[in-house]
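For the sequence shown, my numbering begins at 794 and goes up steadily by one. Right, one structure below, let's go through it.
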Amino acid sequence: MKPFVYIFILIFFFPLTSFAQEIEEKLIEAKIELKETENTLTLQPTVQNKSPLFFEYNYLLLVKKTDHKNNLSINKQSGKFTLEPGEIKNLSFTQLNQDESQNIKAILYIRDENKNKLIAKDSIEINPKSNAKVEETSLMLEGLVVDESKTKVGKDFYDQFFSVYNQYPKKYNFIITISEMPYRGQTSIIQVKADQENIHEFFTNPNEEYSQHQVKISLRNLAKYAQEKENINKEFIY
């Protein structure tokens, strides 16, 4: 009877796990709402929980502004929040001065840091002629590396990584994020993400050679990710 019970448990456990993941992906909706006044634009990120479950997530809002002289500025807002069943939550908003000569592009990520999983996202472009939804790849955020480190060791790794990556003649057309999570004692875990997908993680160590080695691994994995992404895109070109 024991083997039978074991198999019975497995059969019912995996569908339940898969069902829970499907709920998160389909029933959590992210949206950037635009509010206009005479001289001000307000970008209000909102998240709606259409499920009967309670969730705890992280958000990242990136706003890129380009003026008529092609001067670029990037604003980042991030934080943690909770969602009650059926709740619609407003996250921290961003206000910008309205200028007909500027172009604004924003993208909102909702993710579960504990599972290293992107849950939902939304994007918007604002220019003098239209306010249109855009694909993430058209946001033109090449070369952007987001620093989410929390300790000196984490910041040192970010600086080392950015110093090497910044020398690349051609940057990747996706956002790279260096994040850090607490572990035990003074040790933490650094994660290198591409498009919010974790491509490399390691335990912190103040040794400089160790850090340089992790930079090399990260860049190698990023190159592999970029190639795989390019191959997938080619499959959809007929």
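In this text, a Cβ means the ideal position worked out from N, Cα and C, and glycines have one as well.
Which residue or residues does DSSP assign as beta-bridge partners of Gly872? Reading the sequence shown from its first residue, position 79 is the one you call residue 872. Answer is Tyr852.
State the DSSP-derived secondary structure class of Lys1009, mapped to helix, strand or coil. Counted from its first residue, the sequence shown places residue 1009 at position 216. Helix at Lys1009.
So who's on the other strand from Val1037, going by DSSP bridges? Look at the range of the chain in this structure, 794 to 1031, and you will see that residue 1037 is not part of it.
Buried or exposed by the 16-neighbour rule on C-beta atoms within 10 Å, applied to Glu973: As a working note, residue 973 is residue 180 in the sequence shown. Buried is the call here.
Tyr961 burial status per 10 Å Cβ neighbour count (16 or more: buried): Start at 1 with the first residue of the sequence shown, and residue 961 comes out as number 168. Exposed.
Coarse secondary structure for Leu846, derived from DSSP in three states: Within the sequence shown, numbered from 1, the residue matching residue 846 stands at position 53. Coil at Leu846, not helix or strand.
On the three-state DSSP scale, how would you describe Asn1024? Sequence index remark: in the sequence shown, residue 1024 carries index 231 (1-based). Correct three-state label for Asn1024: helix.
So what does DSSP say about Leu889, is it helix, strand or coil? In the sequence shown, the residue the question calls residue 889 occupies position 96. Leu889: strand per DSSP, three-state reduction.
Exposure label - Gly947; buried when at least 16 CB within 10 Å: Translated into the one-based positions of the sequence shown, residue 947 becomes position 154. Taking all protein chains in view, the Cβ of Gly947 is crowded by 16 or more other Cβ atoms within 10 Å, so the residue is classified as buried.
Write down the C-beta distance between Leu884 and Tyr958 rounded to the nearest angstrom, noting that I regard them as a contact closer than 8 Å. The residue you call residue 884 lines up with position 91 of the sequence shown. The residue you call residue 958 lines up with position 165 of the sequence shown. In fact, because the Cβ distance is near 29 Å, the residues do not count as touching under 8 Å.
Sort out for me which residues DSSP pairs Arg904 with in a bridge. Counting from 1 along the sequence shown, the entry for residue 904 is found at position 111. Among the bridge pairs identified by DSSP, Arg904 is matched with Asn851, Leu911.
Of the choices Val1008, Ser956, Gln888, Lys963, whose alpha-carbon is the least far from that of Leu836? By 1-based counting over the sequence shown, the position of residue 836 is 43. When each option's Cα is compared against that of Leu836, the closest is Gln888.
What's the C-alpha gap between Asn890 and Ala1019? As a position in the sequence shown, residue 890 is number 97, starting the count at 1. As a position in the sequence shown, residue 1019 is number 226, starting the count at 1. Approximately 35 Å between the Cα atoms of the pair.
Give a yes or no on contact between the segment 859-868 and the segment 822-836, applying the rule of three or more CB pairs nearer than 8 Å. Counting Cβ pairs under 8 Å, fewer than three are found: no touch.
Presumed contact (8 Å Cβ cut-off) between Lys945 and Thr970, rounded CB distance: The residue given as residue 945 occupies position 152 in the sequence shown. The residue given as residue 970 occupies position 177 in the sequence shown. Actually they are not in contact, since the Cβ atoms of Lys945 and Thr970 sit about 19 Å apart, beyond 8 Å.
Count the other CB atoms within 10 Å of the CB of Glu928; is the residue buried (16 or more) or exposed (fewer)? One-based indexing of the sequence shown puts residue 928 at position 135. Caution applies to Glu928, whose pLDDT of 49 falls short of 50 and renders its modelled position unreliable; the value that the coordinates give is listed next. That one is exposed.
8 Å CB neighbourhood of Asn1014 in its chain, flanking five on each side removed: As a working mapping, residue 1014 is identified with position 221 in the sequence shown. So the list reads Val985, Ile992, His993, once near-sequence residues are dropped.
If we call anything under 8 Å between Cβ atoms a contact, is Glu990 one with Leu911? Indexing the sequence shown from 1 puts residue 990 at position 197. Indexing the sequence shown from 1 puts residue 911 at position 118. Yes, Cβ-Cβ distance for Glu990 and Leu911 is below 8 Å.
Let me check one thing: in DSSP terms, what residues is Asn883 bridge-paired to? Start at 1 with the first residue of the sequence shown, and residue 883 comes out as number 90. Its beta-bridge partners are Thr839.
Pick out whichever of Phe874, Gln895, Leu846 has its Cα sitting closest to the Cα of Asp860. In the sequence shown, counting from the first residue as 1, residue 860 sits at position 67. Looking at the Cα atoms, Gln895 is the closest of the given residues.
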